[in-house]
Amino acid sequence: MTQAAQNAGMQVDQSDVTGEAKAGPDPHYNFAYLDEQTKRMIRRAILKGVAIPGYQVPFASREMPMPYGWGTGGVQVTASIIGPDDVLKVIDQGADDTTNAVSIRQFFVRTTDVETTTHTEEASIIQTRHRIPEQNLSEDQILVYQVPIPEPLRFLEPRESETRKMHALGEYGLMHVKLYEDIATHGHIATTYAYPVKVNGHYIMDPSPTPKFDNPKMHRMPALQLFGAGREKRIYAIPPHTAVYSLDFEDHPFEVQQWEQSCEICGAGDTFLDEVVTDDQGGRMFVCSDSDHCNRHQEAAE
Amino acid sequence: MYVAVKGGEAAINEAHKLLAEERRGDKAVPELSTTQIDEQLSLAVDRVMTEGSLFDRKLAALAIKQARGDLIEAIFLIRAYRTTLPRFGSSIPVDTAEMGIRRRISATFKDIPGGQILGPTFDYTHRLLDFKLAAEEGSDSEAPHVGNADLSATDALLDDAMPRVVDLLGHEGLIEEERPAEDDAEVGDLTREPMSFPVDRDIRLQNLARGDEGFLLALGYSTQRGYGRSHPFAGEIRLGEVAVEFIPEDLGFPIEIGELTLTECQMVNQFKGSAEAPPQFTRGYGLSFGHCERKVIAMALVDRALKGRALGEAVEGPAQDEEFVMEHSDNIQATGFVEHLKLPHYVDFQSELELVRKMRRKATDMSAESADDEIVEAAE
C-alpha cells in the first residue's frame with residue numbers, strides 16, 4: 001500500500017469524527033465507493049442477468065463497509081449503476097426511515113452526493129429490503145433488491161454444485177414436491193415470503209424475502225428489477241415487462257395475504273399492513289408498511 | 303402510541319456518539335495509542351492482518367483501537383478498507399526456505415539441520431497470572447533481561463541453512479510431491495473471482511488463510527477426534543521474515559519491495575496408499591501473516607482433511623466437506639449474516655403471524671370437531 005493511500009484512510013476517519021457536512025461526494029473515495037473496474041465487472045454481471053432473466057450470475061462481490069446481511073449486494077448493484085443525475089430512494093420493510101435504510105442512504109449521499117427522495121415516483125433508483133413499493137413503478141425506474149439467499153432451492157438442497165445442476169436441467173420436481181407436501185399437511189401452501197417464482201417460463205427464482213403479497217407486482221413490471229446478493233456473490237435480474245409467475249397448482253391457485261382491517265393512519269384497504277403492538281393487554285393496530293404510500297394517501301384524504 | 307422504528311436518522315447519530323464515548327472510556331485514563339497496540343498487543347494485530355488479508359501493522363492496530371478490541375470487527379474494518387486499494391499485480395512466490403528464522407520447531411525429528419529454535423513461545427510457560435504486569439508502572443524494569451546485545455548474539459548462533467523439514471522427507475520420496483500447476487502464472491483470488499466448486503488448492507488455501515481462527519480450530523480438532531482422521535504430525539512450524547519480490551512490468555526483473563513476517567506450518571500425515579499411489583506421507587499446509595501459530599496448525603489439518611476426496615478417502619467428517627468448510631469459514635460473512643437477524647424483519651414476521659393464526663384456527667376447529675365426535679360416541 002502507498003503511504004498516500006494510508007493517509008487518505010486516516011483522514012477519512014478524522015472527518016468521520018468531526019462529522020462535518022461536505023459538499024460533493026467524499027473526495028477520498030471513488031464516486032459511489034467502488035472503483036471503476038469493479039463497477040464494470042458488476043455491470044457485466046447485471047447485463048448477463050438481464051439477458052438470462054432469473055439466472056443467478058456469479059460475480060466477484062466486494063467487501064463493503066457495511067456487514068454482509070445489511071444489503072451489501074444491493075449496495076454494490078446500486079453503486080455500479082448510479083450516476084450523478086440519479087435520484088435515489090432507499091427503503092427497508094417498506095419504510096424510508098428504518099435505521100438500515102437511513103444508513104444506506106447516508107452512505108450514497110456521502111460517496112455520490114446524489115439527490116435522494118422518499119417519494120416513490122421521483123426516484124430513478126429504488127433500493128429495497130423486503131418490500132416492493134405499493135405504487136406502480138415506471139419504465140424510467142430501477143428497483144434494486146437486497147438478497148440474503150438467492151438460491152430458491154437452498155433449503156431443499158444445501159449444495160451449490162447440486163442446485164446449479166438442477167437449474168441447468170430445469171429439474172424443479174423437488175420444489176413442486178415441497179409445495180405439494182405443504183398442501184397435503186396444511187391444506188395450503190405454507191410459504192408467506194420469499195415465495196418462489198418462475199421467470200420468463202424458465203428459471204425458478206427467489207424474489208428475496210418480500211412477502212408473497214408483493215409477488216404479483218413483479219409480473220410484467222415496467223421497471224427493471226435487479227437483485228444483488230453480496231455474501232453469496234450472485235446477481236440476477238428481471239427485465240421490464242417480463243412474465244413472473246408464482247408457483248402454484250391448478251386446484252390450489254396462488255393467493256396473497258389479506259387483512260380484515262384497513263390502515264389506521266390512512267385508511268387504505270389494499271396495502272400490506274404491519275401489525276403494531278400498542279400495549280401489553282393485547283392491543284394492536286394495523287398500519288401501512290409502505291410509509292411513503294401511507295403519507296400520500298393521508299395527504300390526499302385531507 | 304405508534305412510534306416503532308421511525309426517526310431512524312436521529313437515532314443513528316446519537317448511537318454513534320455513544321459508541322465513540324464508550325470506545326474512549328474514562329477520560330481520566332490515558333488514551334491507548336495505535337503504536338502501543340502494535341507493540342504490546344502484537345498477536346491481536348497479527349490475527350487482524352491475517353484474517354483481514356492485508357499486511358499493514360499500523361492499519362491493523364488502528365482497526366483494533368476503533369473496534370474497541372473486537373477483533374472480528376477490526377478484521378471487518380480492514381477488509382472494507384482493502385476493497386478500495388488498487389492492485390498492481392502478484393509478487394513472486396515468497397520462499398519460506400530462505401526465511402530469517404525466529405522460531406522453528408519440528409515434532410517429527412529430534413534434531414534437524416539448523417537445529418530446533420524455540421523462539422518466543424507460550425508453549426512452556428506456566429499459565430500463572432503474573433501480577434507484576436498489573437502494576438501500571440515499573441514492570442519494564444523487572445522485565446526479563448534479553449538486551450539487544452544478547453539478541454544479536456543469539457542471531458549469530460543461528461545457522462544460515464535451515465532447510466524445510468518436509469523437503470528432507472521429499473528427497474526420499476516419502477512424502478507426496480507438490481508441484482506448481484503448469485499455468486502457475488495466474489494464482490487464483492477469491493476476492494476477485496467468486497468460488498466455484500470444486501475449487502483448486504490455491505483458492506482453498508486462500509480461503510483457509512482468511513478463515514476464522516476459531517472455526518478452523520474446531521474443525522481441525524474434530525479431525526483429531528475421529529471426524530475425518532488423518533494421523534497428523536507437525537513436520538515443521540517456522541516463524542520469521544521473508545523478502546517479497548515483485549517484477550514491475552516496465553523493469554522486467556525482480557526488485558525487493560519489502561519484508562513480511564510469516565508463520566508456516568507443514569503437517570505430515572499418514573496415507574495408506576491407493577491404486578494409483580504407493581503408501582507415503584501426505585501434506586497439510588498452513589500460512590499466516592505475523593505470528594498465528596494456532597491458526598496455521600489448524601489450517602494445515604483442515605487443508606489435509608480437504609484433500610480427502612482427491613486421495614480417494616471416504617468423506618465422512620465436516621472438515622472433509624469442501625463446500626461446508628469453505629462456505630462457512632469467513633467470519634465477516636458469518637458474523638454479517640448471523641447478526642443481520644438484528645435488522646427489522648417485521649414484514650416477513652407479519653406474514654408468518656398471519657399464517658400461524660390461520661393454521662391455529664384450523665387446528666382449533668378440527669379439535670372442536672373431534673371433541674364433538676367423542677361426545678357423540680360417549681352418548682352412544
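First to last, the protein sequences are chains A and B.
Those letters in the first sequence? Residues 1 to 302, per the numbering used here, in order.
Those letters in the second sequence? Residues 303 to 682, per the numbering used here, in order.
Cβ coordinates follow ideal geometry from the N, Cα and C atoms, glycine included.
Within chain A, the residues placing a beta-carbon under 7 Å from that of Y648 (chain B) are Q93 and D274, ordered along the chain. Around the C-beta of E255 (chain A), fewer than 16 other C-beta atoms lie within 10 Å, and the residue is accordingly described as exposed. With a beta-carbon spacing of about 3 Å, G588 (chain B) and M601 (chain B) fall inside the 8 Å limit used to define contacts. Taking 3 residues as the shortest admissible run, the region 28–87 of chain A contains no complete beta strand (DSSP E) segment at all.
Excluding the 5 residues flanking it on each side, P222 (chain A) has same chain C-beta neighbours closer than 7 Å at L137, S138, E139, P240 and H241, in chain order. A665 (chain B) carries a helical assignment under DSSP once its states are collapsed to helix, strand and coil.
According to DSSP, residue pairing for M569 (chain B) in a beta bridge involves B:A536 and B:G586. In this structure, A346 (chain B) lies near I366 (chain B), with their beta-carbon atoms less than 7 Å apart. In the DSSP assignment, C288 (chain A) forms a beta bridge with A:L273. Against chain B, a Cβ distance below 7 Å from H167 (chain A) picks out nothing, because the smallest value is about 14 Å. Contacts with chain A at 7 Å (Cβ-Cβ) include P496 (chain B). Within the region 215–261 of chain A, the alpha helix (DSSP H) runs of at least 4 residues that lie entirely inside it are, in chain order, 215–218. Of all residues in the region 650–662 of chain B, only D650, Q652, S653, E654, L655, E656, L657 and M661 come within less than 7 Å of chain A when Cβ atoms are compared, listed by chain position.
Only buried fits Y145 (chain A), as 16 or more other CB atoms lie within 10 angstroms of its CB. One thing to note: I394 (chain B) has its Cβ no nearer than 7 Å to the Cβ of E624 (chain B).
Under the 10 Å beta carbon count, T666 (chain B) is surrounded by fewer than 16 other beta carbons and is classified as exposed. By the neighbour-count definition (other C-beta atoms within 10 Å, threshold 16), Y33 (chain A) is a buried residue. For T386 (chain B), the closest C-alpha among the options A:H28, A:H119 and A:Y245 is that of A:H28.
In summary, the residues of the region 49–66 of chain A whose CB is separated from some CB of chain B by less than 9 Å are P58, F59, A60, S61, R62, E63, M64, P65 and M66, in the order they occur in the chain. For G354 (chain B), the uninterrupted alpha helix (DSSP H) run begins and ends at S344 to G354, by DSSP. CA-to-CA, the gap between I126 (chain A) and M41 (chain A) works out to about 21 Å. Boundaries of the beta strand (DSSP E) around L143 (chain A): I142 to Q146. Put simply, of A:Y236, A:I265 and A:P216 the residue whose alpha carbon is nearest the alpha carbon of P58 (chain A) is A:Y236. Comparing alpha carbon positions, the residue from A:A79, A:D290, A:Y195 and A:R284 closest to D248 (chain A) is A:Y195. The C-beta of N100 (chain A) comes closer than 7 Å to at least one C-beta of chain B. Taking 7 Å as the cut-off, the Cβ atoms of Y68 (chain A) and G228 (chain A) do not count as close. Annotation: Cβ neighbours of T192 (chain A) in chain B (cutoff 8 Å, chain order): D650, S653, E654, E656 and L657. Judged by DSSP in its simplified three-state form, T410 (chain B) adopts coil rather than helix or strand. Pairing T118 (chain A) with D274 (chain A) gives a Cβ-Cβ distance that is not under 7 Å.
In the structure shown, the three-state DSSP call for V396 (chain B) is coil. Listed along the chain, the chain B residues whose CB falls inside 7 Å of the CB of R131 (chain A) are V649. When 8 Å is used as the limit between beta carbons, Q508 (chain B) is near no residue of chain A, the shortest such separation being about 13 Å. When the Cα atoms are used, L603 (chain B) and K89 (chain A) turn out to be separated by approximately 48 Å. Distance from T120 (chain A) to L143 (chain A) at the Cβ level is roughly 10 Å; contact not present, criterion being Cβ atoms closer than 8 Å.
By the Cβ neighbour-count rule, G516 (chain B) is exposed, with fewer than 16 other Cβ atoms within 10 Å of its own.
Look at Q135 (chain A) here: in three-state DSSP terms it is coil, with no helix or strand label.
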